[in-house]
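If you're matching positions, the sequence shown starts at 1207 in the working numbering and goes up one per residue. These notes are about the structure you will find just below.
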Amino acid sequence: MQDRTSDPLIDVNQLTVGMFIHLDLGWMSHPFPLSSFKIASSDQLLILRRLGLTQVRWSPAKSDLSLQPETAPAAQAEAAAPTGPAAANDPSPEDLAREAHRLALAAQREALRLCEAQYSEATEGFRSVMEQVHSDPHQARGHAEGLTAALLDKMLVEGDLNMRLLNESAGDRSTAHALNVCIIALLLGRAFGLGRDEMMDLGVGSLLHDVGKLEIAPRLRHRDESFTAAETQAYQQHVAKGVAIAQAMGLAPGPLLIIAQHHEHADGSGFPQRINMDRMSTGARIVALVNRFDGLCNPLLTSKAMTPHEALSLMFAQGRNRFDATMLNAFIRMMGVYPPGSTVQLTDDRYALVVSVNSARPLKPRVMVHDVKVPKEEALVLNLEEMPDLGIRRSLKPQFLPRASLDYLSPRARIAYFFDAVSTGPGELAA
């Protein structure tokens, strides 16, 4: 990580629009999307002054002090004034198209950069929780609650959210699994209209649902069909061990029940207590469902991975007794028939990768299409919701894509999800 200790300090009362600052508070202690950012408005200045900080670090080289309000009118007037012979010539349709594509591509890249940076900060937050579970369990609980609150502050906004596919995420599988389960569970809880207290319980419980695996041998942490009866029993012990750790952390009853019940089934065939749906908490029913989905998409051996579309199909076909049927149906509606990460063929025969789904309107996702006329690094995301004449014909495994499409779309070996606000800006290409 870059060392920012050499960046100069500035009094918060001297901050102005355009300054690039670094909040040493950390992502969980402030409402901004990132801990390092350029101040864009007077509203952000007001929030910064209410955080209780006296000084913050800032990077003069990354700052743009020309954004000051007093200089803006002059700059706007200068930009608006036509000068020289070029002003008399209207741009050609080709020039306009190239500029529109450039702006759309820049907005698309910035949205993805912000999403991935937020995911990275959430990853760091989760790792700090796990590092303190044994040495300072109560501090670990506080950090888990802080991380959940930060996610909720960025998630519980007006309007819809996209569920977004991320690039190959750095870090270990267990961290990615915990964040995947937490983020998808919170989105499902949001769809069900859970209140903030219930969402807090759901977030903390889903983050820590596998905390008991810290107490079992690494080779037994991921269930395998080749396990002996003794190995299976040792694997299943992670639930009881997780409950003991959660009690030492002082977790509330809501997240404690999620940890205790995340492997139970609606028909009573799960473990360790073999209870049925009526005795499972709402949070545990959500996490049991999402945990299974992520396990199918991201198994220990990537050769056994299912596409998200295949995972949903299997859960629907085989899981009607295993899961709460109402919750399973809501989960499938939220994820869409073709969740992010699915490789598909469109109705015009082109191949595409589903990159995001609006959880409130999931029938037509956003896709990156293999277009031989557009270089891969300049490919724009198509919003199928705004293209009535274009849809998805079928889902298919990545290995069945033509080689050129496989190289262009580069399906992820491991699926990682995050969320962002639904954009109607130039970052998407409509019909």
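Virtual Cβ for every residue (Gly too), placed ideally from N, Cα, C. As the structure is a computational prediction, the values presented were derived from the model and not from experiment.
To the nearest angstrom, how far is it from the Cα of residue i to the Cα of residue j?
i, j, result
"L1588", "G1597", "11 Å"
"F1477", "M1225", "54 Å"
"I1675", "L1353", "Because the chain in this structure spans residues 1207 to 1637, residue 1675 falls outside the shown range and cannot be described."
"T1508", "N1497", "17 Å"
"P1279", "R1620", "Annotation note: pLDDT 42 at P1279 (below 50); position unreliable, coordinate value reported separately. About 48 Å."
"G1501", "I1216", "47 Å"
"A1490", "L1221", "46 Å"
"D1296", "Q1314", "27 Å"
"H1383", "K1268", "34 Å"
"H1576", "D1366", "27 Å"
"L1559", "I1245", "35 Å"
"L1612", "V1218", "50 Å"
"P1568", "A1536", "11 Å"
"L1213", "Q1442", "The residue asked about is misnamed: residue 1213 is Asp in this sequence, not Leu. The straight-line gap from Cα to Cα measures roughly 49 Å."
"L1579", "I1422", "Rather than Leu, the amino acid found at residue 1579 in this sequence is Lys. Looking at the two C-alpha atoms, the distance is approximately 52 Å."
"K1419", "N1504", "17 Å"
"R1600", "T1513", "13 Å"
"A1310", "L1372", "19 Å"
"Q1640", "P1461", "What the structure shows of the chain is the stretch from 1207 to 1637, and residue 1640 is not part of that stretch, so it cannot be assessed."
"G1401", "R1255", "29 Å"
"R1618", "T1260", "44 Å"
For residue i, which of helix, strand or coil comes out of DSSP?
i, result
"L1302", "helix"
"F1537", "helix"
"N1497", "helix"
"V1223", "coil"
"V1563", "strand"
"N1504", "coil"
"V1262", "strand"
"F1522", "helix"
"I1158", "Beyond the ends of the chain as shown, which are 1207 and 1637, falls residue 1158; an answer cannot be given."
"R1347", "helix"
"R1618", "coil"
"V1543", "coil"
"T1549", "strand"
"V1417", "helix"
"N1527", "coil"
"S1326", "helix"
"D1366", "coil"
"I1390", "helix"
"V1339", "coil"
"R1572", "strand"
"F1243", "strand"
"A1511", "coil"
"V1587", "strand"
"P1632", "Unreliable positioning characterises P1632 in this predicted model, as indicated by a pLDDT of 36, which lies under 50. The coordinate reading is nonetheless provided below. Note: P1632 maps to coil in three-state DSSP."
With residue i and residue j assumed to form a contact (beta carbons below 8 Å), what rounded beta-carbon distance in angstroms separates them?
i, j, result
"D1530", "A1317", "D1530 to A1317, Cβ: 34 Å. No contact."
"V1223", "S1242", "Contact flag wrong, Cβ pair sits at about 16 Å."
"A1328", "L1385", "6 Å"
"Y1544", "H1515", "5 Å"
"D1430", "S1380", "So it is not a contact: roughly 16 Å between Cβ atoms."
"L1534", "M1521", "7 Å"
"D1473", "R1425", "30 Å between Cβ atoms; not a contact."
Using a threshold of 7 Å, is the CB atom of residue i nearer than that to any non-hydrogen atom of the ligand MG?
i, result
"R1263", "Questions concerning the ligand MG fall outside what the structure shown contains, since it holds no ligand whatsoever."
For chain B, find out if any of its Cβ atoms is closer than 8 Å to the Cβ of residue i; answer yes or no.
i, result
"D1595", "Of the protein chains in this structure there is only one, and it is not chain B."
| query | Okay, do the segment 1399 to 1411 and the segment 1423 to 1441 touch, 3+ Cβ pairs below 8 Å being the bar? | reply | No, they do not touch.
| query | Are at least three pairs of beta-carbons, each pair with one atom in the segment 1347 to 1366 and one in the segment 1388 to 1396, less than 8 Å apart? | reply | Because the criterion of three Cβ pairs below 8 Å is met, the segment 1347 to 1366 and the segment 1388 to 1396 touch.
| said: Quick check for students: name the residue ranges of the alpha helix (DSSP H) that lie wholly in the segment 1424 to 1461, counting only runs of 4 or more. | reply: For the segment 1424 to 1461, the continuous alpha helix (DSSP H) assignments of 4+ residues that do not extend past its boundaries occur at 1435 to 1455, in sequence order.
| the segment 1301 to 1312 touching the segment 1341 to 1353, judged by at least three CB pairs closer than 8 Å | Touching, no, given that fewer than three Cβ pairs across the two stretches are closer than 8 Å.
| task | Answer yes if the segment 1336 to 1343 comes into contact with the segment 1572 to 1583, meaning at least three C-beta pairs across the two stretches below 8 Å, and no otherwise. | result | no
| request: Could you tell me whether the segment 1480 to 1488 touches the segment 1456 to 1472, using the rule of 3 or more Cβ pairs below 8 Å? | output: yes
| message | Quick test of the definition: if touching needs 3 or more C-beta pairs under 8 Å, does the segment 1604 to 1618 touch the segment 1547 to 1560? | response | yes
| task | Examine the Cβ distances between the segment 1410 to 1421 and the segment 1455 to 1465 and report whether three or more of them are shorter than 8 Å. | result | yes
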